[in-house]
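Protein sequences appear in the order of chains A and B.
Going left to right, the first sequence walks through residues 6 to 512 as my numbering numbers them.
Going left to right, the second sequence walks through residues 6 to 269 as my numbering numbers them.
Note that CB positions come from ideal geometry on N, CA and C, so glycine has one too.
Remember, it's a predicted structure, so these values are computed and weren't measured experimentally.
Notes to accompany the following structure.
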Amino acid sequence: MSSAAALTWFARHEIRLAWREWLAMIAGRRGKRKRAIIALTVFVAIIHLPAYAVIGRFADLQAPLGKSELIVITASIFLAWALMLSQAIESVTRVFYARADLDLIMSSPANLANVFSVRIAAIGLSVIAMALLLSTPFVDVLVIGGGIRWLSAFGVVIAIGLSAAAVAIAITVALFRLIGPSRTRLVAQIVAAIIGAGFVIALQVAAILSYGTLSRFAVLTSDAAAAYAPALDSPLWWPARAAIGDGMVLSWLMAGGLVLLGVVMAVFSPRFADTVVSAAATARSVRHGPRTTAFRGGSRQQALRTKEFLLLRRDPWLLSQSLMQLLYLVPPALMLWRSFSETSTAIVLITPVIVMAAGQLAGGLAWLTISGEDAADLVATAPLPPSRVIRAKIEVVLISIGVIFAPLITALAFASETQAIITALGVIVATVSAGAIQLWFRVQAKRSQFRRRQTSSRLATFAEAFCSIGWAATAALAVTIPIAAIISGVMTAAILAATWKISPQRT
Amino acid sequence: MFPDDKTKPDRPVIMQSDLSALEVRGLTKRFDRPAVDALDLTIRTGEFYALLGPNGAGKTTTLRMVAGLLKPDAGSVSILGIDALADPVAAKQIMAWVSDEPMIYDKLTPLEYLEFVAGLWGIASAVSGPSAQQLLVSLGLEPHLHERCEGFSKGMRQKVALAGALVHDPRLIILDEPLTGLDALSARHVKGLLQDRVRAGGTVIMTTHILEVAERMADRIGVIAKGQLVAEGTLTELRQQNGRNDTSLEDMFIALVDTEAAAA
């Protein structure tokens, strides 16, 4: 096989793997794939409605654009880029640590620089494919409302996807060199989480500090932003100009993205093998626990709780995800702090944010403790009834949520006691709902499968999301329009009851 | 209702002294086809029993039902006089299970893992701490007591799992292929530890594909095929049943399994 043919063959292999991995992530088992793809298509179609609400008003925009419009479009594109970068960093980290495949590749007589070039390109391709899928409803809305010139927005997505993949590889390899492979896995995940959420949160923080609102557009459309923005001919506006149909600028952007990824491939591919070897060695390296040998006493349930807390504390993925959830709590916390000095009706927004965050975090924690049991046989053969095991695990979720959210609710109590009580009730109900759903849909799985927990039951995932949103809305309405809160609460309870009715634990 | 941990004795009180360690009657489990078919099995206390059989014969299914991990379709399981189906908690208190795939927590150290197991079985920390350390040392894990298990080889993980099974001093130890993945020295450690338990009055039931191990270690051997016990006894008894006094266990096993396959 010639070198070019071997590369093409490996590229096909990579694309096939990426496609199957994506399908598995979306659809889970093979038999369910057709249904899942149909559901996904319907979902993307339905997403056109909220996309219209968010972006429909920009469809008529024509060149030349004013500074305000340029800032809003550029910020939106930058947000998309940050999310792509976050996803790409995660993909690169996964490539480094997926040893089963790498052992085979590295023991083969293939040219490793070429192989890793293909793999880098595959990362870029998967990031772009996902971004194109997610951006399709938004671009469709613009094309329908403003004409085919908006199709160039797809080109912008491709260009920024190429650059995001390139920057992700550079960041991850740089982290390997700076802090060593052992810390890179955790730090890369945290960096990915911060990059993904950081931009939105930074805008919200700026909006709160300047205008006392959570709206990002308040900052972007402000006179101050326009005053600090560069001139209209600045390259900073190229992505925005390309998105509204400037073909020449789009060509430059695409070329820039390709060159950037090409340079990263040329520079980093030869070093990829060394980096991967370091990462593989790290997976076998020794991490020490405390050196105490005396055992703690306590009940059987206490032994279970101690184990769960220890494992949660030592789970890097969970830590990065929790950090992201907590980052989203920064703006409401900031708003809360500001409300001490001035009366603001915007403080009402804190309640749904806190309740929603609690529900989401509780869902993840409940999956980890209830379903993600690495030594299922051991726990099943222990001399205590399954109900005790489940109870101890649920206690861990409740305690964790309590520890995280109690300070915020306490601070809220200083601003409004009623709102604090409603928020606390919302947090409890959302946590119990999420825990119950995980209990009804529990499957035996490894903790390392946490990333794919959504695929084990799509129904549970949707129920968990709808219940979180429902309880958040109910809590917000309870603060503002109590009568409406009853309706919202009944609807959410009905969703929960319907979920129980069709859950495997009942059937 | 589950009794309070502090008042519950570590072991249930067993009145009779001449009880079988395990008595299985008419045990049946069907998946697509019968996996275990009305199996009767009696294992005496203080016995090292090896359960042999070809792949898919029903060995693991049988032992998983005995350990309470799988619910039988029919039959009874009695462990040292305790009805394991009626009172699983009491039965589990005096029994340990080790599977062929060592299931331990990557993020815990061996000592932390054993502390958790001892806690689950309600063993007093003053007893379990020194005992855990001694067990791990005897299995050659002393240099790794404070290292997280995530970097351990399969053999090391198997040893940690075995130590976890022994830390609560069970009277019946059930092991499914415990020597898989162990090097010669580790295998010798494990075999020595199991024989010590038997000498101290414990009972060990083990499945294995390494017939040499069964031949050397087991007091009695049972051969299972298609979910039924097709032969049982000491090595000498098996030879007599087979009518060939000079034959090896391997030859007898193949002859027995072939006969069963031909009969089907």
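query	result
Do you know offhand how far A/ARG396's Cα is from A/VAL448's?	17 angstroms
With 8 angstroms set as the bound, which would you pick, yes or no: does the beta-carbon of A/ASP517 sit closer than that to a beta-carbon of chain B?	Absent from the model: residue 517 of chain A. The displayed extent of chain A is 6 to 512, so no value can be given.
Along chain B, which residues have their Cβ under 9 angstroms away from the Cβ of A/LEU309?	PHE121, GLY124, LEU125
Could you tell me whether the stretch 147-160 of chain B touches the stretch 409-427 of chain A, where touching means 3 or more Cβ pairs closer than 8 angstroms?	no
How would you call A/MET253, buried or exposed, if buried means at least 16 neighbouring beta carbons within 10 angstroms?	exposed
Under 8 angstroms, Cβ to Cβ, is there at least one residue of chain B near A/LYS312?	yes
Could you work out which residues of chain B lie near A/GLY377, taking near to mean beta carbons separated by less than 9 angstroms?	The premise fails here: A/GLY377 is roughly 11 angstroms from chain B at the closest Cβ pair, so nothing lies under 9 angstroms.
Measure the alpha-carbon distance for A/TRP505 versus A/ILE442 and round it to whole angstroms.	7 angstroms
Below 8 angstroms, how does it come out for the stretch 166-181 of chain A and the stretch 114-133 of chain A: are there three or more Cβ pairs, yes or no?	yes
Quick check: the Cα distance between B/ARG176 and A/VAL132, rounded to an integer number of angstroms?	56 angstroms
Is any beta-carbon of chain B found at less than 8 angstroms from that of A/GLY185?	no
Find the residues of chain A that neighbour B/MET108, judging by a C-beta separation of less than 7 angstroms, and give them in chain order.	ASP379, ALA380, ALA381, ASP382, LEU383
Quick test of your reading: B/LEU243 and B/LEU46, contact by CB under 8 angstroms. State the CB separation rounded to the nearest angstrom.	Not confirmed; about 16 angstroms, so no contact.
If we define contact as Cβ-Cβ less than 8 angstroms, is B/LYS112 a contact residue for chain A?	yes
Alpha carbon to alpha carbon, what distance is there between A/ILE51 and B/LYS2?	For residue 2 of chain B there is no data in the structure shown, the boundaries of chain B being 6 and 269.
Nearest by alpha-carbon distance to B/ARG49: which of B/ILE109, B/ALA26, B/PRO135, B/ARG35 is it?	B/ALA26
Under the three-state reduction of DSSP, which class applies to B/PRO14: helix, strand or coil?	Model confidence at B/PRO14 stands at a pLDDT of 39, short of 50, so the residue's coordinates are unreliable; what they give is reported in the following sentence. DSSP places B/PRO14 in coil when its eight states are reduced to three.
Leaving out five residues before and five after A/GLU19 in sequence, what residues of the same chain have Cβ atoms less than 7 angstroms from its Cβ?	VAL123, ARG124, ALA127
Should A/THR386 be flagged as near chain B, meaning a C-beta pair shorter than 8 angstroms?	yes
Can you find the residues in the same chain that come closer than 7 angstroms, C-beta to C-beta, to B/LEU24, ignoring five residues on each side of it along the sequence?	THR50, LEU85, GLY86
Check the Cβ of B/SER191 against every Cβ in chain A and list those closer than 8 angstroms, keeping chain order.	Those within 8 angstroms of B/SER191 in chain A number zero; the least Cβ separation is about 18 angstroms.
Can at least three beta-carbon pairs, one atom from the stretch 190-201 of chain A and one from the stretch 82-90 of chain A, be found at a separation below 8 angstroms?	yes
Around the Cβ of A/ASP382, are there at least 16 other Cβ atoms within 10 angstroms (buried) or fewer (exposed)?	buried
For B/PHE36, tell me which candidate among B/GLY61, B/LEU57, B/ARG30, B/VAL29 has the shortest Cα-Cα distance.	B/GLY61
Within its chain, find whatever has a CB closer than 6 angstroms to the CB of A/LYS72; leave out the 5 residues flanking it on each side and keep chain order.	ALA231, ALA234
Does the beta carbon of A/GLY261 come closer than 8 angstroms to any beta carbon on chain B?	no
Could you tell me the distance, in whole angstroms, from the CA atom of A/MET270 to the CA atom of A/MET259?	16 angstroms
A/PRO142 lies in the alpha helix (DSSP H); which residues open and close that run?	117-151
Just to confirm, are B/ILE215 and B/ALA166 a CB contact at a threshold of 8 angstroms?	no
Could you tell me the distance, in whole angstroms, from the CA atom of A/LEU12 to the CA atom of B/LYS159?	35 angstroms
Quick one: which residues of the stretch 55-77 of chain B get their C-beta closer than 9 angstroms to a C-beta of chain A? List them in chain order.	ARG69, ALA72, GLY73, LEU74
For a test of the three-state rule: what should DSSP assign to B/VAL235, helix, strand or coil?	strand
On the three-state DSSP scale, how would you describe A/TRP565?	Not covered by the structure: residue 565 of chain A. The range shown for chain A is 6 to 512.
Would you give the residue range spanned by the beta strand (DSSP E) that B/ILE179 belongs to?	177-181
Could you give the first and the last residue of the continuous beta strand (DSSP E) run that contains B/SER104?	Counting along the chain, B/SER104 falls outside any beta strand (DSSP E), and DSSP gives it neither H nor E.
Could you name the residues of chain B that A/GLY369 contacts, counting a contact when the two beta carbons are closer than 7 angstroms?	Per Cβ cutoff of 7 angstroms: no residues; A/GLY369 is ~17 angstroms from chain B at best.
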